[in-house]
Structure formats: structure tokens, C-alpha cells
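Peer 1: Next up is a structure, given as C-alpha cells.
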Amino acid sequence: MTMTSEHSASSTGQEAREIDAVVVGAGFAGLHMLYKLRELGFSVQVYEAGGGLGGTWYWNRYPGARVDVKSMYYNYSFDPELEQEWEWTEKYPPQPELLRYINHVADRFDLRKDVRLRTRVTAAVYDESAARWRISTDQGEVVSARFAIMATGCLSVAKMVEVPGIEAFRGRSFHTGNWPEGDVDFTGRRVAVIGTGASGVQVIPLVAEVAETLTVFQRTANYVLPAHNHTIDPEFQRAIKSRYRDVRKANRESSFGIAQPEATKGALEVSEEERNAFYRRVWEDKDSELVSMLVGFTDILADEAANETAAQFVRDRIAEIVTDPAVARILQPSGYPFGVKRPCLGTNYYETFNRPNVRLVDLRATPLTEVTESGLATTEENFEFDDIIYATGYDAMTGALDAIDIRGRGGVSLREKWAGRPVTYLGLAVAGFPNLFTITGPGSPAVLSNMLVSIEQHVDWVADAMDRMRSEGVTTMEAEADAEQEWTRHVDEVGDMTLYPKADSWYVGSNVPGKPRVMYAYIGGVGAYREKCDQVAADDYDGFTLTR
1 MTMTSEHSAS STGQEAREID AVVVGAGFAG LHMLYKLREL GFSVQVYEAG
51 GGLGGTWYWN RYPGARVDVK SMYYNYSFDP ELEQEWEWTE KYPPQPELLR
101 YINHVADRFD LRKDVRLRTR VTAAVYDESA ARWRISTDQG EVVSARFAIM
151 ATGCLSVAKM VEVPGIEAFR GRSFHTGNWP EGDVDFTGRR VAVIGTGASG
201 VQVIPLVAEV AETLTVFQRT ANYVLPAHNH TIDPEFQRAI KSRYRDVRKA
251 NRESSFGIAQ PEATKGALEV SEEERNAFYR RVWEDKDSEL VSMLVGFTDI
301 LADEAANETA AQFVRDRIAE IVTDPAVARI LQPSGYPFGV KRPCLGTNYY
351 ETFNRPNVRL VDLRATPLTE VTESGLATTE ENFEFDDIIY ATGYDAMTGA
401 LDAIDIRGRG GVSLREKWAG RPVTYLGLAV AGFPNLFTIT GPGSPAVLSN
451 MLVSIEQHVD WVADAMDRMR SEGVTTMEAE ADAEQEWTRH VDEVGDMTLY
501 PKADSWYVGS NVPGKPRVMY AYIGGVGAYR EKCDQVAADD YDGFTLTR
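The sequence shown begins at 1 in the working numbering and counts up by one.
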């Protein structure tokens, strides 16, 4: 920690309403930040671009949308009464249930009164003379806040395909990450789905059940494990709730925010029979989880030969399920390790390609060339559709921050600073941007974890820091350049010890043309990361400059 005094100046511009903190985003992170800061007596204004609360779970309303973390672990832990009173209905709750939960929390704690909906923050400019952030919105509102907290989400800026003609299509167009309110009926229609990532895997089977024809355009085959979703046994729910404190502690100390039995052997240290028996248990067990196969052996994410044993197991299951060998081959992932692109959980996903009304188009063999007035064109064929669903993912981790004109000391923009790559200290703060905090920002475990575990850890850490600043008379808290460089190097070093950099994925930014190809999330583990953050705070915020 370094202590300095504030002496620089800048123009203040027009008068603005003054508050303690602005929070951008009203999803799980923004609402928890609001609750926490209000409990500490800070004045807070939350801005949310959507027409309702929920963030990801407001926008992702497509058929089949659900979280891939068990409901009993994907919820708030900050209030014991809340976690006991809410009854979950499914192993993996669907979007409508998650939205009901979020709105229940908002009503229970009277959070809506401090949230401004349908209001997008367009700029956040640091006023050095006042040591305050000047926040502007698309509704013409300007506020001055000591703290700017970006709870903008890791997967909140939809990404489209890079082909011409998107506006030319005369039918209906949808993006899974920006789905319209109300039911969308695909009955009897000719439908295209572009993309076979997590949202594509969820939406494809349900559309196939009602569409006249469904054509799936796949660029990269994904490893899809059975979700085995089911209603929750009331006894199981009661058992978890009876020991929630221990469950929460174990999740917080785990690698991915979901406690699993700790592996003791590598995949190649056991016999093929033992190895495949484990993989089959994960594949068939109705209580297995997304991370189960990733952590069953010590070397799945670090050794290519070990990883290939899991990858081949999944390919073999695809060949068993899909009746047409040519289609099965296209659906079998190759060229990258298992688990280092986000693995997907599916319900009847591979089985859907056995339906007579479903066709698979391999964009590796016949790339998409344009969207036409009547449908889509590849290098070999023209297709006519009534509807096109873009399941093409997101500009992850940095997209929502880049969408805001954020300017720190000297008018330097965050976009400029991150032009070469995002650089943060702990994924929480950026040198040159005092009192600006990024919840689950780049350089934190974020998307490589149970998001609720990571969100709560960041919110608690930021709130504690703000409370200490207030009690100790500290005006600003700013990451030091050396500290953020050292942390960013550490994120890279840990990533390079794994197989993650060997795949093109949104984990490394390669799904967005021109985006720097680096590890955007910290793979060192949720538990180890928490220890690091706690140690920084205990050491009087080592790596930060605190200004009086």
C-alpha cells in the first residue's frame, strides 16, 4: 500500500447530483452490491439497460435457457433466511425460475427503489480535482459519485456473425442473448440456428420439436455432456439447507466454486477400464455436474494425452447416439482439448440430429458467405428460412466495459489502455482509474467458476474496502501499475500451465475478430484467488495506492 495526497485538477462541468456510489448493472452482481452498500449506509444508484432486473437472466429468455450450475449452489448466501425460504424446483433452474428468484430478492430487500431501468450508462469520466466519477446516461442524467462499480456482467454483449447481409433478411431474426419478451412460436416454420455453443445446445432440441424444418449451422463441434436435469427431491433440498454453511465454505475453497471430491491420480496412472468406468459414471449419473469430468483426474486440464482419454470417451458416445455416421463425425469435436472451450450440458442434444426434420451444415467444409433476403448462403448452397436464430455468443469479459466511455486520470480511456490486452489488479481494479471496481472483471476467476461464488466474493471485498476507506479517511484507492502488471503476468503463467490456450474460444477472446488473444479469466482456482484477495486486504491493501 502506498499513501499519497490528491493535488491534481480537472474541469468539473455542469452541476451533477452527488452520491456515494454508482453501480452499473442490475443482475446478480449489481443487486448484491446495492444490498451490501445500503447495509453499510452508502447512498447508491444502480443503472440497468434492460427493462427488468436480472442481467443475464433478463436477456437470455430463449427456449431452453437454464444455468449449468446446480440451483442449490447458484444462489445468494448473504442472508440465511433467504436461502432457507426459497424452494428450488429443478436441478438446473430454467431462466423463468431464476428471474422469479432475482425479483423475489429485490422485493424482499426493497432494492427496486434504487434501480433505474431502461437506462444505459454511456460514460464514466474521472474528475481528478474532486476525486469523483462523473456518470452520464442515455437518458440525459448526470451524477457524481465517489465510487464507480461496474457490475456489467461477463456475458452481456451479444456477438453477431461476421458475414454481410444481416439486415437484408425479410424473416424473423433472433439472438439468444437478446431474446424478445413473450413467447415466440416456431411451430411449422423453417428455422435456422447458427452456433452450437451453450445457448445453441439448449435451444436446438426444443425448436426441433415444433419446427417444420430446423437447419443447424455448426462451425466448431462442442463437447456436450448429458444434463440429467430433473425435479429436486425435497429431502435432498432439506439436507443441503441443513448444512448450508459447510456447503458454502467448501464451494468457496474449491477450484471452480463447486466442491468436488479431490482427485489423487492422473488419467494415465490408472487402467483404461478404471478410467472409462469413471467417465461413464459421470456421463450416466443423474447427479453429476459440469465440472465432474474436469476434476476427476489431476491432469485432465494440463496434459494433452490425459485429456484425449476424456475427449475420445465423449466422441464414442456421440457415435453411439447419432445414427448417421456422417452426421456423427461432424458432431464429434476434434482439434482442441476437452473442457477448454466451455463444455455444454445438453438435454437430447445429440438425439435431436436423428430427427427427420433436422439437418446439420458443417461450416468448416462450406463456410457461411452471406445472409440473404430469404435466408442464408454458404459457399455451396442457398437456403430459405422463415426464422434465423443467432446463437453466436458474446464479446466476453470486456465487451460490456468497452461499450462505456470510461476515462481515468488524464482523460485516458479504458479502451485505449486495454487496446493491447486487458490489464487489471486481481480483476478488480485498474491503475489510473481510482475508485473504479470491476465485479468479476478480466483477470478474476469469473467465467471459470460458479459465478455466484465469485460475485459474492468480489462484492464483499469491494464493500469492505469502501467501508475501511471511509472509516480511515481515505479518499481514493487505486491499483498500482507494477501490481497490475505482476498480476496479469501471473494470470498468463497459470493459464500457460493448462491446455486452455490451445483452443480458440471466448475464454481467450478469439471469437471476436481483432480482440487480443490472451487468457481473460484466472484459472488458478477460486479458493486460491480468495486467499490472495484476503491477503492483499490484510496487508493494508498491498498493491494499491490509498490517497488521503
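We put the CB at the ideal spot given by N, CA and C, even for glycine.
Please check the pair residue 358 and residue 214, which I expect to be a contact at CB under 8 angstroms, by giving their CB distance rounded to whole angstroms.
Peer 2: The pair is a contact, with the Cβ atoms about 5 angstroms apart (cut-off 8 angstroms).
Peer 1: In or out: residue 454 buried (at least 16 other Cβ within 10 Å) or exposed?
Peer 2: Residue 454 is buried by the Cβ-count criterion.
Peer 1: Tell me whether residue 497 is buried or exposed, calling it buried when 16 or more other Cβ atoms sit within 10 Å of its Cβ.
Peer 2: Flag for residue 497 reads exposed.
Peer 1: May I have the straight-line CA-CA distance separating residue 192 from residue 185, to the nearest angstrom?
Peer 2: Computed Cα separation, rounded: 14 angstroms.
Peer 1: DSSP state of residue 529, grouped into three classes?
Peer 2: Three-state result, residue 529: helix.
Peer 1: Take residue 484 as the anchor and find which of 155, 475, 430 and 511 has the nearest alpha-carbon.
Peer 2: Comparing Cα positions, the closest option is 430.
Peer 1: Short of 6 angstroms in beta carbon distance, which residues of its chain neighbour residue 175, apart from the five on each side in sequence? Order them along the chain.
Peer 2: 158 and 390.
Peer 1: Can you name the residues that DSSP bridges to residue 550?
Peer 2: What is shown of the chain runs 1 to 548, which leaves residue 550 out entirely.
Peer 1: Let me check one thing: in DSSP terms, what residues is residue 175 bridge-paired to?
Peer 2: Note: residue 175 sits in a beta bridge opposite 390.
Peer 1: Can you tell me which of 236, 46, 167 and 82 puts its alpha carbon nearest to the alpha carbon of residue 89?
Peer 2: When each option's Cα is compared against that of residue 89, the closest is 236.
Peer 1: Based on the DSSP output, what are the partners of residue 566 in its beta bridges?
Peer 2: Outside the modelled stretch of the chain, which goes from 1 to 548, sits residue 566, for which no answer is possible.
Peer 1: In chain order, what residues of the same chain lie with their CB nearer than 6 angstroms to the CB of residue 421, ignoring the 5 residues before and after it?
Peer 2: Answer for residue 421: 516 and 518, listed in chain order.
Peer 1: For residue 466, report the span of its alpha helix (DSSP H) as first-last.
Peer 2: That run of the alpha helix (DSSP H) goes 451-471.
Peer 1: Could you check how far apart the C-beta atoms of residue 536 and residue 426 are, in whole angstroms? I think they sit under 8 angstroms.
Peer 2: The Cβ separation is near 7 angstroms, so the contact holds.
Peer 1: Are there 16 or more other CB atoms within 10 angstroms of the CB of residue 7, so buried, or fewer, so exposed?
Peer 2: Only weak support exists for where residue 7 lies, its pLDDT of 39 falling under 50; the coordinates are left without a value.
Peer 1: Taking the alpha-carbon positions, what's the residue 222 to residue 76 distance?
Peer 2: Taking the straight line from one Cα to the other gives about 30 angstroms.
Peer 1: For residue 194, which residues does DSSP report across the bridge?
Peer 2: In DSSP, residue 194 forms a bridge with 217 and 390.
Peer 1: Under the rule that 16 or more other beta-carbon atoms within 10 Å means buried, what is residue 249, buried or exposed?
Peer 2: Flag for residue 249 reads exposed.
Peer 1: How big is the Cα-Cα spacing for residue 220 and residue 333?
Peer 2: If I take the Cα positions, the gap works out to 7 angstroms.
Peer 1: Are the beta-carbon atoms belonging to residue 477 and residue 442 less than 8 angstroms from one another?
Peer 2: In this structure, residue 442 does not lie closer than 8 angstroms to residue 477 by Cβ.
Peer 1: Could you please give me the residues that DSSP links to residue 476 through a beta bridge?
Peer 2: Note: residue 476 sits in a beta bridge opposite 547.
Peer 1: Less than 8 angstroms between the beta carbons of residue 448 and residue 528, yes or no?
Peer 2: No. Outside cutoff.
Peer 1: What are the complete beta strand (DSSP E) segments, minimum 3 residues, inside the segment 362-412?
Peer 2: 368-371, 375-378, 382-384, 387-390 and 405-407, all fully within the segment 362-412.
Peer 1: Counting only the same chain and skipping the five closest in sequence on each side, list residues whose C-beta sits under 7 angstroms from that of residue 143.
Peer 2: Contacts found: 16, 17, 19, 22, 45 and 135.
Peer 1: Looking at C-alpha atoms only, which residue of 216, 107 and 154 is the closest neighbour of residue 385?
Peer 2: The candidate whose alpha carbon is nearest that of residue 385 is 216.
Peer 1: Using DSSP bridges, identify the partner residues of residue 170.
Peer 2: Note: residue 170 sits in no beta bridge, so no partner.
Peer 1: So which of 40, 380 and 394 has the shortest CA-CA distance to residue 510?
Peer 2: For residue 510, the nearest C-alpha among the options comes from 394.
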